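Residue numbers (this note's numbering): 1337 to 1569. Each remark here refers to the structure printed beneath this line.
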Ligand code: DC
């Protein structure tokens, strides 16, 4: 049975997921759940404590009594870890790679997946990430997978980082995006991939409004939602 009013939006870094997920959630009056922020928070804490990012036992220790709060922010989700606001600190390109590393650890995935299911249980939620349609909410009513060419994603990521006052060099970001794509898609556990019943949207040549309108139409006219794996709008 479909999970009520759960919309999953997965895709690689820079595909427009975050902005689009936030807008779709706002238009529908749904809650927005940024699962990537949770992996970033775990990576941040591991780094802070000097823990080896592939040491599952120590990472499990971090997660035992984790005090992690996600709250709506002006732009990105506000992330409070152990009463410290780490919203900006987790948004660097380096923290993206750190998050990707810790996200390959089974203990981290198990714990965060459980937290995400609890957070989304009440429904009326847009959940964004890499495995939200395949693993976290496999019975979600609407699933989308956003993609775009790596060069376009690097360009967008650069702009985003610069808007936040962070330093960004496009070639470096492109290399990081390609590396993160390989790591996220290549891992054996919950790899980045579209769910079999996801609508795939290539956003390379679409602006944000076009993608949002396309998705809302799919959500609001479920009769036309049966088409799977449609490329583009
Ligand atoms: O969406 P993001 O860039 O904030 O995600 C950071 C990393 O976290 C991403 O490279 C892989 C990991 N991640 C994941 O494995 N599963 C998710 N549902 C969300 C993020």
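C-beta atoms are modelled at their ideal positions from N, C-alpha and C, and glycine is treated no differently. Quick caveat, the model's predicted, so the values are computed rather than measured.
Does the beta-carbon of residue 1379 have 16 or more other beta-carbons within 10 angstroms, so that it is buried, or is it exposed? buried
By Cβ distance below 7 Å, which residues in the same chain neighbour residue 1445 in space, the five residues on each side in sequence not counted? 1439, 1525, 1526
As assigned by DSSP and simplified to three states, the class of residue 1320: This structure does not reach residue 1320, given that the chain is present from 1337 up to 1569, and the question cannot be answered.
Let me confirm a value: residue 1570 is counted as buried when at least 16 other C-beta atoms fall within 10 Å, else exposed. Which label applies? Here the chain has residues from 1337 to 1569 only, and residue 1570 is not among them.
Are residue 1354 and residue 1412 touching if we call contact CB-CB under 9 Å? yes
C-beta contact flag for residue 1325 and residue 1479 at 9 Å: What is shown of the chain runs 1337 to 1569, which leaves residue 1325 out entirely.
In angstroms, rounded to a whole number, what distance separates the CA positions of residue 1399 and residue 1368? Between residue 1399 and residue 1368, the alpha-carbon positions lie close to 22 Å from each other.
Mind pulling the alpha helix (DSSP H) runs of 4 or more residues that sit fully within the region 1474-1512? 1486-1499
Give the secondary structure of residue 1454 by DSSP, where H, G and I count as helix, E and B as strand, and everything else as coil. Residue state, collapsed to three classes: helix.
Taking the C-alpha atoms as reference points, what is the distance between residue 1363 and residue 1552? 8 Å
Just mark residue 1454 as buried or exposed, buried being the case when its beta carbon has 16 or more other beta carbons within 10 Å. Result: exposed.
Locate the alpha helix (DSSP H) running through residue 1358, then write down its first and last residues. 1353-1364
Beta carbon proximity, residue 1524 to chain D, threshold 9 Å: Protein chain content of the structure displayed is limited to a single chain, and chain D is not contained in it.
Bounding residues of the beta strand (DSSP E) (the contiguous stretch that carries residue 1440): Run containing residue 1440: none; DSSP gives neither H nor E here.
Which residue comes first and which comes last in the alpha helix (DSSP H) that contains residue 1537? Taken as a continuous stretch (DSSP letters only), residue 1537 belongs to no alpha helix (DSSP H), being part of the beta strand (DSSP E) at 1535-1538.
Could you say which of 1467, 1381, 1542, 1530 lies nearest to residue 1419 if we only look at CA atoms? 1381
Taking C-alpha atoms, which residue in 1456, 1451, 1518 lies nearest to residue 1436? Selected option, being the one with the closest Cα: 1518.
What is the rounded straight-line gap between the Cα of residue 1416 and the Cα of residue 1371? 14 Å
Counting C-beta neighbours from all protein chains within 10 Å, is the total for residue 1520 16 or more, i.e. buried, or is it exposed? buried
Which first and last residues belong to the alpha helix (DSSP H) in which residue 1422 is found? Per DSSP, residue 1422 belongs to no alpha helix (DSSP H) and is neither H nor E.
Does DSSP put residue 1371 in a helix, in a strand, or in coil? helix
Grab me the residues of residue 1534's own chain with a C-beta within less than 8 Å of its C-beta, minus the 5 sequence neighbours each way, in chain order. 1344, 1346, 1469, 1479, 1480, 1481, 1564, 1565
Compute the Euclidean distance between the alpha carbons of residue 1337 and residue 1473, then round it to the nearest angstrom. For residue 1337, the pLDDT reaches just 48, beneath the cut-off of 50, and the residue's location in the model is therefore unreliable, leaving the point undetermined.
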